[in-house]
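Asks: Each residue of the sequence shown is one higher than the one before, starting from 0 at the first, in our numbering. Think of the CB as a built atom: it goes at the ideal place given N, C-alpha and C, for glycine as much as any other residue. Quick caveat, the model's predicted, so the values are computed rather than measured.
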Amino acid sequence: MTAEQHKVEKSGENHQEPREWQTKKLDEVAHINLGQSPKGEYYNEEGEGPHFIQGSKNFGNKYPELERFCSEPKREAEEGDVLISVRAPVGPVNIAPENLCIGRGVTALRLDEGSNEYLYYYLKYFEHKWSQFADGTTFNSITKSDLQNLEIPYPPIKERNGIAFILSKIDEKIEVNNRINADLEEIAQSVFNSWFVDFDPYQDFKESEIGKIPKNSKVIELGEILSLEYGDGLSKDDRDGGEFPVYGSNGINGGHSEFLIEGPGVVVGRKGTIGTANYEPRNFWCIDTTFYVKPKDEYDMLFYYHILKNGVRLKHLGSDSAVPGLNRNTVHDQKVALPDRERIKEFVKMIKPMYGVQERIRQENEDLEKLRDTLLPKLMSGEIRVDDIKLDELKLDREV
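#1: Go to Lys308, then tell me how far its alpha helix (DSSP H) extends in each direction, as first and last residue.
#2: Which residues does DSSP pair with Ser167 in a beta bridge?
#3: Below 8 Å on the Cβ atoms is my contact criterion, and I expect Gly102 with Ser36 to pass it. Report the Cβ-Cβ distance as a whole number of Å.
#4: Starting from Lys460 and walking both ways along the beta strand (DSSP E), at which residues does that stretch end?
#5: Can you tell which of Tyr304, Ser380, Leu375 has the C-alpha that lies nearest to the C-alpha of Phe164?
#6: Determine the extent of the beta strand (DSSP E) in which Pro294 is found, giving its start and end residues.
#7: With DSSP collapsed to three states, give me the class of Asn249.
#8: Taking Cβ positions, are Lys73 and Asn93 nearer each other than 8 Å?
#9: For the alpha helix (DSSP H) holding Tyr119, just list the boundary residues, first then last.
#10: With DSSP collapsed to three states, give me the class of Asn282.
#11: Closest to Thr329 by C-alpha separation, out of Glu358, Lys314, Leu82, would be which residue?
#12: Helix, strand or coil: which one does DSSP assign to Glu39?
#13: What is the DSSP secondary structure of Ala133, reduced to helix, strand or coil?
#14: For Tyr153, which residues from the same chain have a beta carbon less than 8 Å from its beta carbon, with the 5 sequence-adjacent residues on both sides left out?
#15: For Val385, which of Ile31, Glu126, Asn115, Leu166 has the nearest alpha-carbon?
#16: Entirely within the segment 139 to 191 and at least 3 residues each: give me those beta strand (DSSP E) ranges in chain order.
#17: Report the option in Thr373, Tyr298, Glu112, Val267 whose CA atom is closest to the CA atom of Cys285.
#18: Does Lys211 come out as helix, strand or coil in the three-state DSSP assignment?
#19: Indicate whether the contact test is met: 3 or more Cβ pairs, each with one atom in the segment 362 to 381 and one in the segment 188 to 199, closer than 8 Å.
#20: Are the beta-carbon atoms belonging to Tyr117 and Ile173 less than 8 Å from one another?
#21: Is the separation between the beta-carbon of Leu25 and that of Leu146 shorter than 8 Å?
#22: In terms of DSSP beta bridges, what is Phe204 paired with?
#23: Quick check: the Cα distance between Tyr298 and Ile343, rounded to an integer number of angstroms?
#24: Within the same chain, show all residues whose beta-carbon is closer than 8 Å to that of Pro96, passing over the 5 residues directly before and after it, in chain order.
#25: Could you check if Gly264 is buried or exposed, using at least 16 other CB atoms within 10 Å of its CB as the buried criterion?
#26: Among residues of its own chain, excluding the 5 on either side of Pro91, which ones have a beta-carbon nearer than 8 Å to its beta-carbon?
#27: Taking just the CA atoms, how far does Gly271 sit from Ser320?
#28: Is any heavy atom in the ligand FMN found nearer than 7 Å to the beta carbon of Val385?
#29: Taking just the CA atoms, how far does Val292 sit from Glu185?
#30: Whole angstroms are fine: how far does the CA of Gly39 sit from the CA of Arg109?
#31: Relative to the alpha-carbon of Glu112, which residue among Phe302, His30, Arg359 has its alpha-carbon at the smallest distance?
In C-alpha cells, the structure reads:
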C-alpha cells in the first residue's frame, strides 16, 4: 500500500457531504436518451453509418470495443456521453468514444454542464447498488424513471471537474501501462515468429514431413516436451478474492487465497474460449475449463508459452460442435519444428526482461486501481476534497 493510499484509508468514516454540495435527481442535471434498436437489415460491418453498440458484451472498459455499424440509427449517443447498460447485467458503464448508434439495453447520459466524466465515475461507484435499487428488489432491467429519480451528489462545477480530472489521470496512467504491456507482448511474439515460424535467422534448411526446416532443428510431437493437465473446479462463489489469480478459459476471472499451480506457468483454454494461451509468472489457480502446462523437458516456461500461442494453431483444433472444446491428445499429437537448445536459450534471454517489465507494470496497475477505487467514494462524498490531493504525490508519471 502506498503512503497516499494509507492516508486515504485512514480518513474518517462518519462523514457528511460538505455544506455547499447539493443532491440532485439525475433528470434535473442530465439529458437521458434511451437506445432503440434498428431493424436487423441496417446492421453491417462495412462502415455504413455510425458504430452500433448494444448489450453487455461492449462494457467492461472505460471505452467500448466497437465492431458493427448501423446505416439508419434510431437513437444516437454523442461522443463523450456516458453509456449505461440498463438490461442484465444492469449497471456497467462506459464512455462513447465517438458518435454512436445505441440499441435497446443501452442508455446515453449527458450532464447539462461540467465534465461528463464526473457522472461516469459516480455511476461506476454506484454499479454494485443497482441490484438493491427500487425497494431492495433484484431485477434484470432499469427504467427511464429509475434513472430520472436517481439522486446523485452534485458539488459545484469546479469540484465536479476536479474529481473527474483526478480519477481520469489515474485511469490514463493505467491505460498507458496497458499499451506498454501490449507492445512488449507484440515484440516478443514477433521475435518468436521470425525465429521459429518464418526461420528468418537461418540459411541452411532441410526437407521434413512438415516442410522445410532449419538443418539443426528436428520435427517432434508436442507431447514429447509437454503435457496439458486439467485444471480444477472453483466456483465463483468459492473464490474469496485472495492474492492468487484464478484463470478461466478467457483469462483471469477473480482471485483466491490458495493456489493450484506454482508459477511461472501457462494456461490454455479448454472449453468455451478454446486455444487461448496465457503466461502467468505468479502462483495461480486454473479452473476445469482450462489446461495447464506440465513440462517434460527443461525448457523455460516462456518457450512453452510461445510455442503454444504462436507455434500451433490451437484455436482451430476444437472438436466439440455444440460447445467448443480442445482435446489435449490432439494438441499432444501436433508436429512442430523444435529448434536447437542454444537458439531457444538465446530467445528466452532476449524476451525475459520484457516479461519482467510487464510484471512490474501489472503490479503498478494493481496499486493504481486500488488507489482509484479507494479515492472514488471518498471524493464523491466530499470526505476527501480535490484541493487535498497533490497529483505529484500520486507519482502517476514514474518510470517502470
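Replies: The short version:
#1: If you number the sequence shown from 1, residue 308 lands on position 309. Its alpha helix (DSSP H) spans residues 300 to 308.
#2: By one-based count along the sequence shown, residue 167 stands at place 168. Paired residues: none, contrary to the question.
#3: Here residue 102 refers to the residue found at position 103 of the sequence shown. Here residue 36 refers to the residue found at position 37 of the sequence shown. Gly102 to Ser36, Cβ: 4 Å. Contact.
#4: Because the chain here runs from 0 to 399, residue 460 falls outside it and cannot be looked at.
#5: Counted from its first residue, the sequence shown places residue 164 at position 165. Here the closest residue by C-alpha is Leu375.
#6: In the sequence shown, residue 294 corresponds to position 295, counting from 1. Segment 289 to 294, the beta strand (DSSP E) holding Pro294.
#7: Residue numbering aside, residue 249 sits at position 250 when the sequence shown is read from its first letter. Three-state result, Asn249: coil.
#8: Here residue 73 corresponds to residue number 74 of the sequence shown, with the count starting at 1. Here residue 93 corresponds to residue number 94 of the sequence shown, with the count starting at 1. No, the pair does not count as a contact, with Cβ atoms beyond the cut-off.
#9: As a working mapping, residue 119 is identified with position 120 in the sequence shown. In the DSSP assignment, Tyr119 falls within the unbroken alpha helix (DSSP H) covering 115 to 125.
#10: Reading the sequence shown from its first residue, position 283 is the one you call residue 282. Looking at Asn282 - three-state DSSP - the assignment turns out to be coil, as it is neither helix nor strand.
#11: Residue numbering aside, residue 329 sits at position 330 when the sequence shown is read from its first letter. Minimum Cα distance to Thr329 is reached at Lys314.
#12: As a working note, residue 39 is residue 40 in the sequence shown. Residue identity check: residue 39 is Gly in the sequence provided, not Glu. In the structure shown, Gly39 sits in a helix (DSSP, three-state: H, G or I).
#13: Within the sequence shown, the letter at position 134 stands for residue 133. Low confidence applies here, because Ala133 scores a pLDDT of 40, under 50, leaving its location unreliable; read the following figure in that light. Here Ala133 sits in coil by DSSP.
#14: As a position in the sequence shown, residue 153 is number 154, starting the count at 1. Around Tyr153: Trp20, Gln21, Thr22, Lys23, Val28, Arg159.
#15: The count along the sequence shown starts at 1 and reaches residue 385 at position 386. Considering only Ile31, Glu126, Asn115, Leu166, the residue with the shortest C-alpha distance to Val385 is Leu166.
#16: 150 to 153
#17: Reading the sequence shown from its first residue, position 286 is the one you call residue 285. The residue with the shortest Cα to Cα distance from Cys285 is Val267.
#18: For the purposes of this step, residue 211 is identified with residue 212 of the sequence shown, where counting begins at 1. The answer is coil: DSSP assigns Lys211 none of H, G, I, E or B.
#19: no
#20: Along the sequence shown, one-based indexing puts residue 117 at 118. Along the sequence shown, one-based indexing puts residue 173 at 174. Contact flag unset, no.
#21: Counted from its first residue, the sequence shown places residue 25 at position 26. Counted from its first residue, the sequence shown places residue 146 at position 147. In this structure, Leu146 lies closer than 8 Å to Leu25 by Cβ.
#22: Numbered from 1 along the sequence shown, position 205 holds the residue referred to as residue 204. Phe204 is bridged to Pro213.
#23: Working through the sequence shown from its first residue, we reach residue 298 at position 299. Working through the sequence shown from its first residue, we reach residue 343 at position 344. The straight-line gap from Cα to Cα measures roughly 8 Å.
#24: Sequence index remark: in the sequence shown, residue 96 carries index 97 (1-based). The residues are Tyr62, Pro63, Leu65, Glu78.
#25: Position 265 of the sequence shown, counting from 1, holds the residue named residue 264. Answer is buried; the Cβ neighbour count reaches 16.
#26: As a working note, residue 91 is residue 92 in the sequence shown. So the list reads Ser55, Phe58, Gly59, Ile83, Ser84, Glu126, once near-sequence residues are dropped.
#27: As a working mapping, residue 320 is identified with position 321 in the sequence shown. As a working mapping, residue 271 is identified with position 272 in the sequence shown. For Ser320, the predicted model reports a pLDDT of 47, less than 50, meaning its position is unreliable and no value from the coordinates is stated.
#28: For the ligand FMN, the structure offers nothing, since it holds no ligand at all.
#29: Locating residue 185 in the sequence shown gives position 186, where the first residue counts as 1. Locating residue 292 in the sequence shown gives position 293, where the first residue counts as 1. A direct Cα-to-Cα measurement between Glu185 and Val292 gives close to 22 Å.
#30: The sequence position of residue 109 within the sequence shown is 110, counting from 1. The sequence position of residue 39 within the sequence shown is 40, counting from 1. Distance between the alpha carbons of Arg109 and Gly39: 27 Å.
#31: Within the sequence shown, residue 112 is the residue found at index 113, counting from 1. That would be His30, whose Cα lies nearest to the Cα of Glu112.
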